[in-house]
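Asks: The structure's right below; bear with me while I get my questions together.
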Amino acid sequence: MNDDGPERWMSLALDLAIRGRGMVEPNPMVGAVLVKDNIVVGIGWHQKFGGLHAETEALIQAGEKARGSTLFVSLEPCSHHGKTPPCANAILNSGISKVFVAMRDPNPLVAGKGIDFLQAHGIEVVVGVGKEKAETINAPFIKYYLHSKPFVIAKWAMSLDGKIATKSGESKWVSNDKCREKVHQLRGLVDAILVGIGTVIRDDPMLNARPEGSRKQIRIVIDPNARISLSSKIVQSAKDYPTIIAVRENVSQESKVALQSFGCDLLEISSASPIEVVNEILSHLGRLGIQNLLVEGGGKTLGSFFDASQVDEIQVYIAPIIIGGEDAITPVGGIGILEMANRQRLASFSSEMIGDNILLSGRLKHYYSE
């Protein structure tokens, strides 16, 4: 084929990659398109963890038509044996003549080795078409391998005057039914969901995705003094849903044993500083292989994540209501800033109408694959 439209085919590969979100983690989302004489002869995407890789799916669909074709793939093909054989070998054996790769793989097991392998065997490789979108799609994967911490999504629902609850703490409901459905969809796509003890005491949430998907998210509660009730929904369901309670090291042994008897895992935190607590939790989750963390509040908890500069993305639902009251709860508490020069600004954002509510989504950071 000629090279006048690589962006078009790579865009298709990237759209295919997104279909795997919430199913492939801790693997990256990957899409692949095989084109011959400007005709698509095979497509594929990584559909579930442990399943076929995108390149393999596209090659199976193309069959003999793969010989002499051009491959567009959103991530560097792997060159090592994992749960599946290396894709680089399959590409070589198929007779593909040229490969476009959107971004290099930050995983040290790959990290340029797949590209080097293909080039060493005479296959032309072009890197960088669609790179920015590929990095955006796989930001959690990139952050995990660069920083060993999960990608943090901060979510809240608020009134037009910036309140998430009344001064009495009532928050049901700020957003509409459709927004709450969308939140459950988001929960189903992440690896873990976190709230502070105030939210648990006030709302007694289950903190799960409904309807449930193919996997159960880890639930995390920041509860330094172990105030969580043993009769709370989270504790009562801890044997059915993986649950971590972050408590201070000096919490009584009786409290620790009681929580563990219900199936809760304990993360003993050494610091009283909210910022250090956030960093300890994120480091622990990184060791567990968690790549996506949804932080749902409340204001103190969200504030501590912003104070620690650990929020990567926001999902804010804005309802057409006024709550008022100087003592009503705002979404982001914590220390905050003294000077506007230190403000945290969205690097990119979009808005969407959901019934009579607005969803504002944005990224604070962009993670580069190299």
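Oh and the sequence shown: position 10 is 10 in this note's numbering, straight run, nothing missing.
Virtual Cβ for every residue (Gly too), placed ideally from N, Cα, C.
The structure displayed is predicted, hence computed values, not measured ones.
Report the three-state DSSP secondary structure of I201 (helix, strand or coil).
Replies: Taking the first residue of the sequence shown as position 1, residue 201 is located at position 201. Three-state DSSP puts I201 in a helix.
Asks: Between D191 and P150, is the Cβ-Cβ spacing less than 9 Å?
Replies: For this step, residue 191 is matched to residue 191 along the sequence shown. For this step, residue 150 is matched to residue 150 along the sequence shown. Yes, the Cβ-Cβ distance between D191 and P150 is below 9 Å.
Asks: DSSP on G362, reduced to helix/strand/coil?
Replies: Position 362 of the sequence shown holds residue 362. Strand at G362.
Asks: Have a look at A157, L34 and P26 and flag the residue whose alpha-carbon is nearest the alpha-carbon of L16.
Replies: Mapped onto the sequence shown, residue 16 falls at position 16. That would be L34, whose Cα lies nearest to the Cα of L16.
Asks: Below 6 Å CB to CB, which residues in the same chain sit around P26 once its five sequence neighbours on both sides are set aside?
Replies: In the sequence shown, residue 26 corresponds to position 26, counting from 1. Only G289 and Q291 meet the Cβ criterion.
Asks: Kindly indicate which three-state DSSP category A154 falls into: helix, strand or coil?
Replies: The count along the sequence shown starts at 1 and reaches residue 154 at position 154. Here A154 sits in strand by DSSP.
Asks: Please report the straight-line C-alpha distance between K239 and S261, rounded to a whole angstrom.
Replies: Residue mapping note: residue 239 aligns to position 239 of the sequence shown, counting from 1. Residue mapping note: residue 261 aligns to position 261 of the sequence shown, counting from 1. So the alpha carbons of these two residues sit roughly 9 Å apart.
Asks: Going by DSSP, what residues sit across from Q185 in a beta bridge?
Replies: Within the sequence shown, numbered from 1, the residue matching residue 185 stands at position 185. Q185 pairs with nothing; no bridge assigned.
Asks: Which of the three DSSP states, helix, strand or coil, is assigned to G20?
Replies: Working through the sequence shown from its first residue, we reach residue 20 at position 20. Correct three-state label for G20: coil.
Asks: Report the option in I245, S79, C78 and S94 whose CA atom is closest to the CA atom of A62.
Replies: What you label residue 62 is simply residue 62 of the sequence shown in a count that begins at 1. Per the Cα distances, S94.
Asks: Runs of 4 residues minimum, wholly inside the region 65-112: which ones carry the alpha helix (DSSP H) assignment?
Replies: Listed in chain order, the complete alpha helix (DSSP H) runs (minimum 4 residues) inside the region 65-112 are 87-94.
Asks: Can you name, in chain order, every residue of its own chain whose Cβ lies under 6 Å from the Cβ of L360, other than the five neighbours on each side?
Replies: Translated into the one-based positions of the sequence shown, residue 360 becomes position 360. Counting only Cβ-Cβ distances below 6 Å, and skipping sequence neighbours, we find V316 and S351.
Asks: For H46, is the classification buried or exposed, using 16 other Cβ atoms within 10 angstroms of its Cβ as the cut-off for buried?
Replies: Along the sequence shown, read from residue 1 onward, the residue named residue 46 stands at position 46. Its Cβ being crowded by 16 or more others within 10 Å, H46 is buried.
Asks: Hey, is the region 256-276 in contact with the region 163-180, meaning 3+ C-beta pairs nearer than 8 Å?
Replies: Taking 8 Å as the limit for Cβ pairs, the verdict is that the region 163-180 does not touch the region 256-276.
Asks: Go through its chain and collect everything with a Cβ distance to I329's Cβ below 6 Å, but skip five positions before and after it.
Replies: Sequence index remark: in the sequence shown, residue 329 carries index 329 (1-based). Counting only Cβ-Cβ distances below 6 Å, and skipping sequence neighbours, we find I164, A165 and G299.
Asks: Taking the DSSP output, what are the residues bridged to R248?
Replies: Taking the sequence shown and counting its residues from 1, one reaches residue 248 at position 248. I269, per the DSSP bridge assignment.
Asks: Out of G355, G22, S369 and A319, point me to the one whose CA is closest to D161's CA.
Replies: Within the sequence shown, residue 161 is the residue found at index 161, counting from 1. Nearest option by C-alpha distance: A319.
Asks: Cβ atoms of I220 and L302: under 9 Å apart, would you say?
Replies: Position 302 of the sequence shown, counted from the first residue, corresponds to residue 302. Position 220 of the sequence shown, counted from the first residue, corresponds to residue 220. Result no, Cβ atoms of L302 and I220 do not sit closer than 9 Å.
Asks: Can you give the beta carbon distance from A66 to V30, rounded, assuming they're within the 8 Å contact cut?
Replies: The residue you call residue 66 lines up with position 66 of the sequence shown. The residue you call residue 30 lines up with position 30 of the sequence shown. That pair is no contact at about 17 Å.
Asks: Pick from G213, I201 and L194: whose alpha carbon is nearest that of N207?
Replies: Start at 1 with the first residue of the sequence shown, and residue 207 comes out as number 207. Before going on, a small fix: residue 207 reads as Leu here, not Asn. Comparing Cα-Cα distances from L207 to each of G213, I201 and L194, the minimum goes to L194.
Asks: What first and last residue would you give for the beta strand (DSSP E) that runs through V235?
Replies: Within the sequence shown, the letter at position 235 stands for residue 235. From DSSP, V235 is part of no beta strand (DSSP E) but of the alpha helix (DSSP H) over K233 to Q236.
Asks: Only counting the same chain, and skipping five residues up and downstream in sequence, which positions put a Cβ closer than 6 Å to that of E280?
Replies: Residue 280 sits at position 280 when you count from the first residue of the sequence shown. Correct list, in chain order: I269.
Asks: Could I get the ranges of all uninterrupted alpha helix (DSSP H) runs contained in the region 299-328, with 4 residues as the minimum, in chain order?
Replies: List check, alpha helix (DSSP H) in window: 299-307.
Asks: In angstroms with no decimal places, state the Cα-to-Cα distance between F305 and I123.
Replies: What you label residue 305 is simply residue 305 of the sequence shown in a count that begins at 1. What you label residue 123 is simply residue 123 of the sequence shown in a count that begins at 1. Cα to Cα, the separation comes out at about 46 Å.
Asks: What whole-angstrom Cβ distance do E135 and I142 have, given they're in contact under 8 Å?
Replies: If you number the sequence shown from 1, residue 135 lands on position 135. If you number the sequence shown from 1, residue 142 lands on position 142. Yes, they are in contact, since the Cβ atoms of E135 and I142 sit about 6 Å apart, within 8 Å.
Asks: What whole-angstrom Cβ distance do V99 and S79 have, given they're in contact under 8 Å?
Replies: For the purposes of this step, residue 99 is taken as residue 99 along the sequence shown, with counting starting at 1. For the purposes of this step, residue 79 is taken as residue 79 along the sequence shown, with counting starting at 1. The Cβ separation is near 13 Å, so there is no contact.
Asks: Where E170 and A102 are concerned, what is the direct C-alpha to C-alpha distance, given to the nearest angstrom?
Replies: Taking the sequence shown and counting its residues from 1, the one referred to as residue 170 is at position 170. Taking the sequence shown and counting its residues from 1, the one referred to as residue 102 is at position 102. Rounded to the nearest angstrom, the two C-alpha atoms are 47 Å apart.
Asks: Tell me the DSSP secondary structure of K133 in three-state form.
Replies: Reading the sequence shown from its first residue, position 133 is the one you call residue 133. If DSSP states are grouped into helix, strand and coil, K133 belongs with the helices.
Asks: List the endpoints of the continuous alpha helix (DSSP H) containing A209.
Replies: Position 209 of the sequence shown, counted from the start, is the residue given in the question as residue 209. Here A209 belongs to no alpha helix (DSSP H), and DSSP marks it neither H nor E.
Asks: Note down the Cα distance separating L146 from S271, rounded to an integer number of angstroms.
Replies: Translated into the one-based positions of the sequence shown, residue 146 becomes position 146. Translated into the one-based positions of the sequence shown, residue 271 becomes position 271. Their Cα atoms are separated by approximately 25 Å.
Asks: I need the DSSP call for F349, collapsed to helix, strand or coil.
Replies: Stepping through the sequence shown from its first residue, residue 349 is reached at position 349. Three-state DSSP puts F349 in a strand.
Asks: Which of the three DSSP states is assigned to E124 in this structure?
Replies: Looking up residue 124 in the sequence shown gives position 124. Note: E124 maps to strand in three-state DSSP.
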